[in-house]
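> Questions regarding the structure given below will be posed in turn.
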Amino acid sequence: MGNRPDPRKLVEAALFLSPRPLSLSELSKIAGVPPEEVRTILDDLSERYKSIDSALVVERFTTAVRLYVSPEVFPHVKDLAAVPEFSQRELEVVAHIAMKGAVLRSELRKMYSGADKVIDKLRSLGAVVLRKKGRTYEVKKTELFDRYFGVNL
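All letters in the sequence shown, in the order written, are residues 15 to 167 by the working numbering.
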């Protein structure tokens, strides 16, 4: 193997390929640079996309970053997107989370068989986060959940 690729290319490629938002620490490990340098790379990447009027947009959340297709272009290419599909039963769990905003995992388990599988799927998308609450976890929707499922738009 040759030299390690430019950190900017590694950050951009990671964002492009990831089906979920990535944290600064994940990007830092991938690129082999400190988180501060990742922030600079993200600023530069975002500015570069804006300067060429790109269809790609760098979006930062509180704890993660993702690359997505701009809303202006997305409707014209959305059929090409590899979006996980949710069964009717899974969408019931999603709807419950959407209505409550935050719900105990134990409550979801009692109400829906296979709730853990849905929670894992949502976590892999960056749509929910788990927070320890007593002997169970609270499942809380993220900004990405709202965007992905069109909640509160």
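Even glycine gets a Cβ: it sits at the ideal position worked out from N, Cα and C.
Here the structure is a predicted model, which means the values were calculated and not measured.
1) I'd like to check one pair, residue 107 with residue 126: are the Cβ atoms closer than 8 Å?
2) In this structure, how does DSSP classify residue 167 when only helix, strand and coil are distinguished?
3) The beta strand (DSSP E) spanning residue 64 covers which residue range?
4) By how many angstroms is the C-alpha of residue 30 removed from the C-alpha of residue 46?
5) Whole angstroms is fine: what's the gap from residue 56's alpha carbon to residue 120's?
6) Look at the alpha carbon of residue 89 and the alpha carbon of residue 39, and state the distance between them as a whole number of angstroms.
7) Is DSSP giving residue 116 helix, strand or coil here?
8) Are there 16 or more other CB atoms within 10 angstroms of the CB of residue 18, so buried, or fewer, so exposed?
Looking at the coordinates:
1) Judged by their CB atoms, residue 126 and residue 107 are nearer to each other than the 8 Å cut-off.
2) Because the pLDDT of residue 167 is 41, which lies under 50, any placement of that residue in the model is unreliable, and the question is left without a value.
3) DSSP places residue 64 outside any beta strand (DSSP E); the residue lies instead in the alpha helix (DSSP H), whose first and last residues are 49-65.
4) Distance between the alpha carbons of residue 46 and residue 30: 18 Å.
5) Near 38 Å, if we compare the C-alpha coordinates of residue 120 and residue 56.
6) Using only the alpha carbons, I get a separation of about 32 Å.
7) DSSP places residue 116 in strand when its eight states are reduced to three.
8) Under the 10 Å beta carbon count, residue 18 is surrounded by fewer than 16 other beta carbons and is classified as exposed.
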